[in-house]
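Trainee:
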Amino acid sequence: MSIYNGIFGVTHNHQVKRNVFISYYHGDQVQVNEFVRHFGRELDVFTPCMLAEGERFTDDIINSTNPQYVMQQIRQRYFGHSTVTIVLVGNCTHSRRYVDWEIKASLQQGGVGGQMPHGLIAINLDRARNSQFLPPRLLANFSPDGNAYAHFYGYPASGDELRNWIEDAFAARTSRRHLIKNSNDMMKYNSRCNICGVTH
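Written out as structure tokens, the structure reads:
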């Protein structure tokens with residue numbers, strides 16, 4: 003697994019710095035790299051953990067018919083020490099099966115050891131906060147009035163704003179975990195993109 007390494011713990015101004023898994027569609031790689039560079043490296047808001055450009059899940063995960071195995075392996079092999087997942091949303095993210103798997107794994111809780119879910123945030127890379135771009139599993143956990151497990155934002159205006167969003171998501175692991183909806187089966191294939199009208 004490729005992880006963008008950073009300093010674990012706290013930033014120089016003593017604000018908490020979380021380990022964050024970045025979920026995204028590789029078609030948005032340029033924008034994703036810019037987000038991670040600016041907020042993760044320059045502003046030091048979070049320590050990013052993500053699949054590298056061109057990396058994919060291993061064949062035993064892709065070909066497995068056991069959802070629990072898939073979820074556990076994603077968490078163990080790819081999530082690292084992260085506790086919050088940020089889904090970076092572009093026009094076609096909603097149609098990608100691996101993004102759905104990463105969201106499902108993020109929402110997984112219970113099991114051996116009383117596993118905690120990840121905090122979950124969606125951020126629109128194109129600045130406009132439009133829920134039609136949300137992956138279905140994330141949409142099921144979002145509500146415009148905020149009464150849901152996950153929150154959906156436009157692009158952060160500052161590092162402090164993003165840090166506040168991450169902290170809210172981290173706190174939701176206990177305060178809003180009862181609102182998690184994660185019973186739908188994993189997507190088996192990429193779906194037809196609602197924006198482009200094709201399957202990428």
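Numbered according to the numbering used here, the sequence shown spans residues 3 to 202. Cβ coordinates follow ideal geometry from the N, Cα and C atoms, glycine included.
1. At the level of alpha carbons, what is the spacing between V22 and F48?
2. Would you tell me roughly how many angstroms separate the C-alpha atoms of I88 and G148, rounded to the nearest one?
3. Give me, in chain order, the residues of the same chain whose beta-carbon lies closer than 8 Å to that of G29; leave out the 5 immediate sequence neighbours on both sides.
4. Quick one, are the C-beta atoms of Y27 and F59 less than 8 Å apart?
5. Please specify which runs of the alpha helix (DSSP H), each continuous and at least 4 residues long, are wholly inside the stretch 33 to 78, giving them in chain order.
6. Quick one: using the 10 Å Cβ neighbour count with 16 as the cut-off for buried, is L181 buried or exposed?
7. For G112 and Y71, what's the separation of their Cα atoms in angstroms?
8. Classify T85: buried if its beta carbon has 16 or more other beta carbons within 10 angstroms, exposed otherwise.
9. Go through its chain and collect everything with a Cβ distance to E169's Cβ below 8 Å, but skip five positions before and after it.
10. Using the three-state DSSP reduction, which class does Y100 fall into: helix, strand or coil?
11. Locate the alpha helix (DSSP H) running through F172, then write down its first and last residues.
12. With DSSP run on the structure shown, which of helix, strand or coil describes L122?
Mentor: Looking at the coordinates:
1. Within the sequence shown, residue 22 is the residue found at index 20, counting from 1. Within the sequence shown, residue 48 is the residue found at index 46, counting from 1. Straight-line Cα distance between these residues: approximately 6 Å.
2. As a working mapping, residue 88 is identified with position 86 in the sequence shown. As a working mapping, residue 148 is identified with position 146 in the sequence shown. So the alpha carbons of these two residues sit roughly 17 Å apart.
3. Mapped onto the sequence shown, residue 29 falls at position 27. Excluding residues within five positions, the ones whose Cβ falls inside 8 Å are G92, C94 and H202.
4. Mapped onto the sequence shown, residue 27 falls at position 25. Mapped onto the sequence shown, residue 59 falls at position 57. Taking 8 Å as the Cβ cut-off, Y27 and F59 do not qualify as a contacting pair.
5. 61 to 64
6. Against the sequence shown, residue 181 aligns to sequence position 179. Under this definition L181 is an exposed residue.
7. Here residue 112 refers to the residue found at position 110 when the sequence shown is read from its first residue. Here residue 71 refers to the residue found at position 69 when the sequence shown is read from its first residue. Each residue's Cα considered, the two are about 14 Å apart.
8. Residue mapping note: residue 85 aligns to position 83 of the sequence shown, counting from 1. T85 is buried by the Cβ-count criterion.
9. Here the question's residue 169 lines up with position 167 in the sequence shown. Hits under 8 Å: V18 and R20.
10. Counted from its first residue, the sequence shown places residue 100 at position 98. Three-state result, Y100: helix.
11. For the purposes of this step, residue 172 is identified with residue 170 of the sequence shown, where counting begins at 1. Run containing F172: G161 to S177, per the alpha helix (DSSP H) assignment.
12. For this step, residue 122 is matched to residue 120 along the sequence shown. Residue state, collapsed to three classes: strand.
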